[in-house]
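Trainee: This is the structure, below, for whatever I ask next.
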Amino acid sequence: QAASSGLWVNSCTSSKTANKNSEVRSGHKHSFTSEPAQTFLSDNDMRKNSFASLRWLILVLVFVLCLPYVLNSSQTVVLLPRSPSPSKRYFPIPLDSLEEEYRIRSADDGKLFREEFNSLPCYYHHGSFEEASREHNREKNRYPNILPYDHSRVVLSHLDGHLCSDYINASYIDGYKEKNKFIAAQGPKLETVADFWRMIWEQKTATIVMLTNLKERKEDKCYQYWPEKGCWMYGNIRVAMEDFTVLVDYTIRKFCVQYQASDGPRAPRLVTQLHFTSWPDFGVPFTPIGMLKFLKKVKAVNPSYAGPIVVHCSAGVGRTGTFIVIDSMIDMMHMDQRVDVFGFVSRIREQRCQLIQTDMQYSFIYQALLEYYLYGDTELDVCSLEAHLQRLHNTRAPHDRLGLEEEFRKLTNVRIMKENMRTGNLPANMKKNRVLQIIPYDFNRVILSVKRGQEFTDYINASFIDGYRQKDYFIATQGPLSHTVEDFWRMVWEWRCHSIVMLTELKEREQEKCFQYWPSEGSVTFGDYTVELTGDTLCETFTLKDMVLTYRPEKQSQHVRHFHFHGWPEIGIPAEGRGMIDIIAAVQRQQQQSGNRPIIVHCSAGAGRTGTFIALSNILERVKAEGLLDVFQTVKSLRMQRPHMVQTVEQYDFCYRVVQDFVDIFSDYANFK
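Going left to right, the sequence shown walks through residues 1 to 673 as full-length UniProt numbering numbers them.
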């Protein structure tokens, strides 16, 4: 019995226990019994009992501690992560092991990422929340269980006659080897906007990073703490809107901030807010490319002499922590050639509780770090473009893999997500695809209305593609087939498109590349749609056709302009870039006149030439606005939205050549920054 896995309970002990319980219940004493007790408890039983008791005790304790805050708050409570597993330790990862470590952790639906995340300490054991818990401060907290520690909270100057006026829900957070580089704050409430701007002024902050939208899923996430135009007063702080720029992933706002003291105004300061607008309401961004571009912009904008960068989302822990960790681990990459996500998050959670709220955010950090490690910073100033092209084309030896072909080869790392092509691969839709390897992803395919009584009529081989300033600015599609022409015009009508760009001839090398979907003269009808040709102009490298599209059931019409580029040879790429520059400029002028509805772009399959045109449109728009370009990341982003965009190394090289031509043509009178 001693060797068995269980524990035999001594008969005398069990009898005493039973009799004592009896005495308590009845109030009488009983003599001991000498009969052996038949009690056999396994180790598992004892463990289960103790764990169940412990879990129950923890739940009661958490409920008691949180109840006052819950009763005093109408906001949604952010859920706590699981309790940590103290037995797990995670060590820094050398950069040459990062890709393999990411692969291992991502396996089995990210099981190891979840384990690592759940091993993080939730709270700092020596931390206290006394100031945040004071009755006068509770209303200043957006969420009752996301509070700043006393030892790391931002302390405001005290306002005479105002109790607890030094409190704001914000915490100092260290960067990598830089103390108090950041302030992590909750999104301002109506009641705390003046305190927020007071913090900006007192901390000498020059840069605000905003990682939430004002509303998400119909819930208030942050009060709008800035004026749309003109100036507003927030307490004693005057904030005036100076300028703003809207880009596809983020918006930049510049404010003139001035403290109105009793003895006169202080010297004004420039404060820049960078508002990341591409974080989805649920989860994390599909790709870290936008976040990395955003982070680089933050670094470029923030002056070296400024105070802490203020970072906020809604609660000031999830997205805020994600941004801070990515920034800090990139610094660690450069300094130490390794990353330590687990160790760094553990340390900054001692400064603000629950930084990084979900395992999805935690794995997104690794994804961003891997993206940065694999591809680095590929952004160029236009002034360095010529030298970069010389390096790409003049490799030292045949085996040198640092040139253009190697840069293009890296794009093959963009995985084609066949699991996200279910709709296009349905048997009923297969015949609607011109090339079976180029099928739109389900997450950004163009969806048509379903025809009454006809199943599978919402499909067309077309994908929404982001522009430089606007999401879904383009529609990349294949050249219509004879049996998909009505669907093509249905797409034009339903998405109110006014511009169509065609980059192929109807036939090339005696093969049909596109069915003629417009009339040579007069009008032609495709199902419910009539297309009338109203104008035909031959330009140097493209034909401009004006058409009227009529939806016959409702007898309503719209104007459509068709740009047919003739400068693309049957084999290879155009000899020079001027023609492409001209057609891109013509399309942009048309968009300004007709409203920014999606631009339909097609060649034959809707990938090679189509991808090149869209890439160049985005690249040239950025060159004009910022004097910067990033051909590699632009094409990589397109390939994540539609497979095989920019198909060949020649097309990739053509993107560089066109930009160089653009700079050469316009450098005399364009102010490239």
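Glycine is no exception: its CB is placed at the ideal position from the N, C-alpha and C atoms.
Thinking C-alpha only, which one of 600, 570, 488 and 505 is nearest residue 472?
Mentor: Residue 600 is the option with its Cα nearest to residue 472.
Trainee: Do three or more CB pairs link the stretch 487–505 to the stretch 565–578 at distances below 8 Å?
Mentor: With the cut-off at 8 Å, the stretch 487–505 and the stretch 565–578 touch.
Trainee: How many whole angstroms separate the CB atoms of residue 199 and residue 257, which I take to be in contact at a CB cut-off of 8 Å?
Mentor: Between residue 257 and residue 199 the Cβ distance is about 12 Å, and since that is not below 8 Å, they are no contact.
Trainee: Go ahead and pull the three-state DSSP assignment for residue 278.
Mentor: Correct three-state label for residue 278: coil.
Trainee: Check whether the stretch 544–555 touches the stretch 517–535, counting contact only when three or more Cβ pairs, one atom from each stretch, lie closer than 8 Å.
Mentor: Touching, yes.
Trainee: Looking only at its own chain, which residues have a Cβ that is under 8 Å from the Cβ of residue 451, when we skip the five neighbours before and after it?
Mentor: Result list for residue 451: 457, in chain order.
Trainee: Give me, in chain order, the residues of the same chain whose beta-carbon lies closer than 7 Å to that of residue 370; leave out the 5 immediate sequence neighbours on both sides.
Mentor: So the qualifying residues of the chain are 98, 99 and 102.
Trainee: Taking all protein chains shown into account, decide if residue 489 is buried (16 or more other Cβ within 10 angstroms of its Cβ) or exposed.
Mentor: Buried.
Trainee: I'd like the list of long-range same chain contacts for residue 192, defined as Cβ closer than 6 Å, with 5 residues on each side in sequence excluded.
Mentor: For residue 192, where only same-chain residues beyond five positions count, the Cβ hits under 6 Å are 140.
Trainee: Nearest CA to the CA of residue 172: which residue from 165, 183 and 162?
Mentor: Residue 172 has its Cα closest to that of 183, out of 165, 183 and 162.
Trainee: Which residue's Cα is closest to the Cα of residue 445: 466, 364 and 376?
Mentor: Of the listed residues, the one whose Cα sits closest to residue 445 is 466.
Trainee: Nearest by alpha-carbon distance to residue 674: which of 574, 316, 638 and 430 is it?
Mentor: Only positions 1 to 673 of the chain appear in this structure, which leaves residue 674 out of reach.
Trainee: DSSP state of residue 267, grouped into three classes?
Mentor: Reduced to three states, the DSSP call for residue 267 is coil.
Trainee: Closer than 8 Å by C-beta to residue 114: which residues in its own chain qualify, once you throw out the five before and the five after it? Chain order, please.
Mentor: Result list for residue 114: 359, in chain order.
Trainee: Taking the alpha-carbon positions, what's the residue 653 to residue 391 distance?
Mentor: Near 13 Å, if we compare the C-alpha coordinates of residue 391 and residue 653.
Trainee: Is it true that the CB of residue 204 sits closer than 8 Å to the CB of residue 307?
Mentor: Taking 8 Å as the Cβ cut-off, residue 307 and residue 204 qualify as a contacting pair.
Trainee: Would you say residue 312 and residue 241 are within 8 Å of each other, going by their C-beta atoms?
Mentor: Cβ atoms of residue 312 and residue 241: not closer than 8 Å.
Trainee: Compute the beta-carbon to beta-carbon distance between residue 317 and residue 355, rounded to the nearest angstrom, for a pair I have assumed lies under 8 Å.
Mentor: So it is a contact: roughly 5 Å between Cβ atoms.
Trainee: Among 455, 590 and 604, which has the Cα closest to the Cα of residue 598?
Mentor: Out of 455, 590 and 604, 590 has the C-alpha closest to the C-alpha of residue 598.
Trainee: Measure the beta-carbon distance from residue 435 to residue 627 and round it to whole angstroms, keeping in mind my assumption that it falls under 8 Å.
Mentor: Contact doesn't hold; Cβ gap of about 37 Å is too wide.
Trainee: Kindly give me the distance between the Cβ atoms of residue 448 and residue 460, rounded to whole angstroms, as I take these residues to be in contact under 8 Å.
Mentor: Yes, residue 448 and residue 460 are in contact; Cβ-Cβ is about 6 Å, under 8 Å.
Trainee: Assuming residue 493 contacts residue 551 (C-beta within less than 8 Å), just tell me the rounded distance between them.
Mentor: Going by Cβ atoms, the distance from residue 493 to residue 551 rounds to 5 Å, so yes, they are a contact pair.
Trainee: Should residue 620 and residue 665 be called a contact, given that it needs their Cβ atoms to be closer than 8 Å?
Mentor: No, they are not a contact pair.
Trainee: Does DSSP classify residue 577 as helix, strand or coil?
Mentor: The answer is coil: DSSP assigns residue 577 none of H, G, I, E or B.
Trainee: Rounded to the nearest angstrom, what separates residue 79 and residue 321 at their Cα positions?
Mentor: Confidence is the limiting factor: at residue 79 the pLDDT is only 46, short of 50, which leaves the residue's position unreliable, though a coordinate-based value still follows. So the two alpha carbons sit approximately 16 Å from each other.
Trainee: Could you tell me whether the stretch 146–153 touches the stretch 163–180, where touching means 3 or more Cβ pairs closer than 8 Å?
Mentor: Short answer: they touch.
Trainee: Run through DSSP, which three-state label would residue 208 get?
Mentor: Here residue 208 sits in strand by DSSP.
Trainee: Could you give the distance in angstroms between the alpha-carbon of residue 23 and the alpha-carbon of residue 107?
Mentor: At residue 23, the pLDDT of 38 sits below 50, so the modelled position is not reliable; the number obtained from the coordinates is stated separately. Each residue's alpha carbon lies about 59 Å from the other.
Trainee: Using DSSP with H/G/I as helix, E/B as strand and the rest coil, what is residue 174?
Mentor: If DSSP states are grouped into helix, strand and coil, residue 174 belongs with the strands.
Trainee: Rounded to whole angstroms, what's the CA-CA distance from residue 195 to residue 233? Just pull it up for me.
Mentor: For residue 195 and residue 233, the distance between alpha carbons rounds to 12 Å.
Trainee: On the criterion of 16 or more Cβ atoms from any shown chain inside 10 Å, does residue 122 qualify as buried, or is it exposed?
Mentor: Under this definition residue 122 is an exposed residue.
Trainee: Could you have a look at residue 375 and say whether DSSP puts it in helix, strand or coil?
Mentor: Residue state, collapsed to three classes: helix.
Trainee: With residue 232 as the anchor, note down where its beta strand (DSSP E) starts and where it stops.
Mentor: Residue 232 -> beta strand (DSSP E) spans 231–234.
Trainee: DSSP has residue 315 in a bridge; who is on the other side?
Mentor: DSSP, once it has assigned bridges, lists no residue as partnering residue 315.
Trainee: Can you tell me which of 281, 437, 615 and 420 puts its alpha carbon nearest to the alpha carbon of residue 220?
Mentor: Taking only the C-alpha atoms, the option nearest residue 220 is 281.
Trainee: Do you know whose CA, among 378, 638 and 538, lies nearest residue 463's CA?
Mentor: Comparing Cα positions, the closest option is 638.
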